[in-house]
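In UniProt numbering, the protein residues as written are 1 to 455. What follows is one structure encoded as structure tokens, with my remarks underneath.
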């Protein structure tokens, strides 16, 4: 007879590992099944000349309390995101320079209505319950609109509209014409505000981790111990009855009292469930695609942009890079720029050759900071749409007509199967913080059920 685990966790990213760690600390017998040959999910760190760079999630925001606590526990140090100097703003064929946080843009553009639009969006977002956006009295109304449609009806000024469209592309990694306005509000609500998402100081991009972000997952796995996880174990099927669950991989079938599925909804929907999922859960997983991102890291011999008074921070609607930052090491001995090709542009550029992408990115940087940008030491990239067990980044999103109707299925357990992952978070959806938060939430759900079953 095979071991009957208290909990099996499907997915060895931050959400799944954090949930498993909570179970382990409570004395429960837990097993993590990870499809890849590594831990970390949508975090992945790569070593270049003794320095670590992040090809996936990398920032710790000012209000990311769970990530900060875990870094402290694991001994992971952080350092501030560099942003000294002039930033580039390139919208609608015009280019100006600014300083400070993105949310304080106030010159060089016809920004009529921008502050009013941001204020209105924040106001509408604040009305949502982050645990149940579908429960809002106007959820169906908001969910019938795309972000673009709402902006067309409510925003004055072409530049102001372009900046919000840009914000949608770089945060959700999807086109504003694809994203439900209800989802957009929910995304903002879970972070707190537009400015918290957009900004460095006090915002989502405040700090970076020395040694990269993947070490958080690796540290959690080490605390679990090798007997509590299996790599290279993609889950193909989950069946359940009134007493337990069976989880089938390519090589083995495992048993558990409860299962946590901690992978993106679109991947969770590819598992064969018996009995089948309820209609709303099934429709949700069919209609919640992942965003599209190619993350690039260009490593240089020197920080030439700093010497010219630039920060290496730029926002652009021209592309191919839509947003970039200084990505130099904490001691400045390895200097780099990290940039993102996002939304539909990421799909288009994914069809081109690596050399074409590299040249386009370098020419983009040269457009902003001069010809020295054309001569890098290394060029790294990661197209997350090509990652078999992510199928995109940063997060799963919904188009109109799904979150308002099926949103409750995102977190609602189905029998003995519970759901985790940054998409299910009530704080910081799409971020490492959201993944950790979901792990805490789902561990409490199952521990309560186990306690109740003993009463």
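Virtual Cβ for every residue (Gly too), placed ideally from N, Cα, C.
Shortest alpha-carbon distance to residue 335 belongs to which of 378, 352, 316, 347? The option with the nearest alpha carbon to residue 335 is 378.
Who are the near neighbours of residue 175 in its chain, counting only those whose CB is closer than 7 Å to its CB and skipping five residues on each side? Close CB contacts of residue 175 within its chain, under the 7 Å cut and outside five residues either way in sequence, are with 169, 343, 344 (chain order).
Whole angstroms are fine: how far does the CA of residue 339 sit from the CA of residue 360? Taking the straight line joining both Cα atoms gives about 12 Å.
Please state the DSSP three-state secondary structure of residue 125. The answer is helix: DSSP assigns residue 125 an H, G or I state.
Assigned secondary structure, residue 39 (DSSP; H/G/I helix, E/B strand, else coil): Under the three-state reduction of DSSP output, residue 39 falls in the coil class, being neither helix nor strand.
I need the DSSP call for residue 277, collapsed to helix, strand or coil. Residue state, collapsed to three classes: coil.
Contact under 8 Å by Cβ, residue 210 with residue 328: No. Outside cutoff.
Give me whichever residues DSSP pairs with residue 245 in a beta bridge. Its beta-bridge partners are 240, 256.
Would you kindly work out how many angstroms separate the C-alpha atoms of residue 91 and residue 135, rounded to a whole number? Cα-Cα distance, rounded: 36 Å.
Candidates 383, 374, 368, 365: which alpha carbon is nearest residue 352's? The shortest C-alpha separation from residue 352 is found at 383.
Whole-number beta carbon distance between residue 254 and residue 418, since they are thought to touch under 8 Å: That pair is no contact at about 16 Å.
Cα-Cα separation, residue 149 to residue 399: If you take the alpha carbons of residue 149 and residue 399, they lie about 12 Å apart.
Just tell me which of 446, 435, 333 has its CA closest to the CA of residue 48. Closest by alpha carbon: 333.
Taking the alpha helix (DSSP H) that residue 90 belongs to, which residues open and close that run? Boundaries for residue 90: no alpha helix (DSSP H) harbours it, while the beta strand (DSSP E) harbouring it runs 86-91, taken from the DSSP string.
Sub-8 Å separation of residue 140 and residue 404 beta-carbons: For residue 140 and residue 404, yes; Cβs fall inside 8 Å.
Measure the CB-CB distance between residue 217 and residue 12 and report whether it falls below 8 Å. In contact: residue 217 and residue 12 (Cβ atoms closer than 8 Å).
How would you label residue 128, buried or exposed, when you count the other beta carbons within 10 angstroms and need 16 or more for buried? Buried: at least 16 other Cβ atoms inside 10 Å.
C-alpha gap between residue 381 and residue 206, whole angstroms: So the two alpha carbons sit approximately 23 Å from each other.
Residue 39 versus residue 50: straight-line alpha-carbon distance, rounded: Distance between the alpha carbons of residue 39 and residue 50: 20 Å.
Rounding to the nearest angstrom, what Cα-Cα distance links residue 300 and residue 376 in this structure? Straight through space, the alpha carbons of residue 376 and residue 300 are spaced by roughly 5 Å.
Using 8 Å as the cut-off, can you tell me whether the stretch 18-33 makes contact with the stretch 270-279, which would need three or more C-beta pairs spanning the two stretches below that distance? No, because fewer than three Cβ pairs between the stretch 18-33 and the stretch 270-279 fall closer than 8 Å, the two stretches do not touch.
Please name the residue in 401, 161, 97 whose C-alpha comes closest to that of residue 457. For the chain, the structure presents residues 1 to 455; residue 457 sits outside this window and is missing.
Could you give the C-beta distance for residue 317 and residue 162, rounded to a whole number, given that I count them as a contact under 8 Å? Residue 317 to residue 162, Cβ: 6 Å. Contact.
Buried or exposed (CB count within 10 angstroms, at least 16 for buried), residue 186: Residue 186 comes out buried.
Relative to the alpha-carbon of residue 189, which residue among 448, 425, 451 has its alpha-carbon at the smallest distance? Closest by alpha carbon: 425.
4 or more residues per run - each alpha helix (DSSP H) lying fully within the stretch 117-162: Qualifying alpha helix (DSSP H) stretches, in chain order: 139-143, 147-154.
Helix or strand or just coil, what does DSSP make of residue 183? Looking at residue 183 - three-state DSSP - the assignment turns out to be helix.
Can you find the residues in the same chain that come closer than 6 Å, C-beta to C-beta, to residue 82, ignoring five residues on each side of it along the sequence? 326, listed in sequence order.
With DSSP as the reference, label residue 16 as helix, strand or coil. DSSP places residue 16 in helix when its eight states are reduced to three.
Name the DSSP beta bridge partners of residue 272, please? DSSP lists 237 as partners of residue 272.
Cα-Cα, which of 69, 4, 373, 117 is closest to residue 308? Nearest C-alpha to residue 308 among 69, 4, 373, 117: 373.
Measure the CB-CB distance between residue 248 and residue 237 and report whether it falls below 8 Å. Yes, Cβ-Cβ distance for residue 248 and residue 237 is below 8 Å.
Under a three-way DSSP split, which group does residue 208 fall into? In the three-state reduction of the DSSP assignment, residue 208 falls in the strand class, which pools E and B.
Report yes or no: do three or more beta-carbon pairs, one from the stretch 310-324 and one from the stretch 434-449, lie closer than 8 Å? The stretch 310-324 vs the stretch 434-449: no contact.
Contact belief for residue 293 with residue 183 at Cβ below 8 Å, rounded distance in angstroms: About 17 Å separates the two Cβ atoms, so there is no contact after all.
Quick one: is residue 165 buried, meaning 16 or more other Cβ sit within 10 Å of its Cβ, or exposed? By the neighbour-count criterion, in which 16 or more other beta carbons inside 10 Å mark a residue as buried, residue 165 falls on the buried side.
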